[in-house]
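Student: I have a structure I would like to understand better, so I am pasting it below and will then ask my questions one at a time.
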Amino acid sequence: MNLRSVDLNLLVILDALLDEAHVTRAAERVGLSQPAASSALERCRHLFGDPLLLRGRGRMRLTPKARALQAPVKDLLAQMAVLLDPLQPDLATLRQTVRLVTAELPPELLAGGLYARLAASASGITLAIMPWHGAAAALTGLAQGEADLAVSVFPAVETGFVRRELLRERYVVAMRRNHPAAEGFDLDRWLAFPHVLVSGRGETYGALDEALALEGRKRHVGLVVPSFLSVPPLLLGSDLIALLPSRVLPAEGRERFALREPPVSVPGFPLHIAWHRRSERDPGVRHVAGLIEALLAEEPAPA
């Protein structure tokens, strides 16, 4: 291919077309007319020797070739932006959306302070918190440009990503304050009452059960729920007991719960923030990442 014959402006509209899978919306996004965007799509089809977008119900469908092009096109545009505009812009002038994919625990920690700090420092940035579908899906979203930042537990990441530790979390046993197991709490009293287990897949057996089995013990799981956030009200209205990350319980009303150290060894876990390396020079993404790091660095570990 003769690069001198390639109009690099096509990559901008191609990026929008692949993101939107809709010619009119892609045209609006880059400030073109609908006919101009359609013409650009035809030129892209000729350039790559592939239809790229196929007609479907409600929206167009990306071909395998188009899906394979999404991440490389975004990478190339990011590199061109660094080359052509290397100066750090004024944060107050930024107008962009930063998409954060995260498990349910971090949003509870970030809900208050993050938005206030973002509004004060870069009010033109819109923070979009996206649904959580697991750590692997989060990294895939970063790689494909569907998300900008991810907060979760990432034991390892490939070289195309940046990962930083935000904090270290520990587990506590939680129950209502006047629970009969709270007085003289030990392993026997812990196992004498039903437990609530959090599992997004409805599983009734986890790492804790494996640890108990090594000691010849087992617990009764009375209830399985998909979300940590639904556990505190369940504890207040029943004799259920839960093993929870310490930051799950709300700060307000925390005195309504009795908290105890687990009577068996339960390792904690690190919480990470990750982004794709092509975002290293994106000032909006890096600013939001820095705010999250600063906010959680200030977050005291619950007693």
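Its first residue numbered -17, the sequence shown is counted upward by one per residue in the numbering used here.
Don't be surprised by glycine CBs; every beta carbon is placed ideally from N, CA and C.
It should be emphasised that the depicted structure is a prediction, and the values quoted were computed from it without experimental measurement.
#1: May I ask you to report which of helix, strand or coil DSSP gives Y97?
#2: Whose C-alpha, out of E237, D72, L278, is nearest the C-alpha of A156?
#3: Taking the alpha-carbon of L59 as reference, which of I107, L(-8), L76, A101 has the nearest alpha-carbon?
#4: E197 and V246 - do their beta-carbons sit closer together than 9 Å?
#5: Assign V135 to one of two classes, buried (16 or more other C-beta atoms within 10 Å of its C-beta) or exposed (fewer than that).
#6: So, helix, strand or coil for R159, using DSSP?
#7: Could you check which residue in R145, T141, R229 has the C-alpha nearest to that of A132?
#8: Just the C-alpha distance for V(-6) and R158, rounded to the nearest angstrom, thanks.
#9: Work out the CA separation of L96 and D72 for me, nearest whole Å.
#10: Please tell me whether G266 and L76 are closer than 9 Å, where the distance is taken between their beta carbons.
#11: Can the beta-carbon of P208 be found closer than 9 Å to that of V180?
#12: How many Å lie between L92 and I274 at the Cα?
#13: May I ask you to verify whether the stretch 110 to 123 touches the stretch 214 to 228, counting CB pairs closer than 8 Å and requiring at least 3?
#14: Classify M112 as helix, strand or coil using the three-state DSSP reduction.
#15: Nearest to G182 by alpha carbon, out of A101, W114, D264, R43?
Tutor: Reading it off the structure:
#1: In this structure, Y97 counts as helix in the three-state DSSP scheme.
#2: It is E237 whose Cα lies nearest to the Cα of A156.
#3: Considering only I107, L(-8), L76, A101, the residue with the shortest C-alpha distance to L59 is L(-8).
#4: Between V246 and E197, the gap from beta carbon to beta carbon is short of 9 Å.
#5: The residue is exposed, with fewer than 16 neighbouring Cβ atoms inside 10 Å.
#6: Reduced to three states, the DSSP call for R159 is coil.
#7: The closest CA to that of A132, considering only R145, T141, R229, is found on R145.
#8: One C-alpha to the other measures close to 56 Å.
#9: Rounded to whole angstroms, D72 to L96 spans 19 Å at the Cα level.
#10: With respect to L76, G266 sits close: the two C-beta atoms are nearer than 9 Å.
#11: Result yes, Cβ atoms of P208 and V180 sit closer than 9 Å.
#12: Just so you know, the alpha carbons of L92 and I274 end up roughly 7 Å apart.
#13: Per the Cβ contact rule, the stretch 110 to 123 is not in contact with the stretch 214 to 228 (fewer than 3 Cβ pairs under 8 Å).
#14: Under the three-state reduction of DSSP output, M112 falls in the strand class.
#15: Sorting A101, W114, D264, R43 by C-alpha distance to the C-alpha of G182 places W114 at the top.
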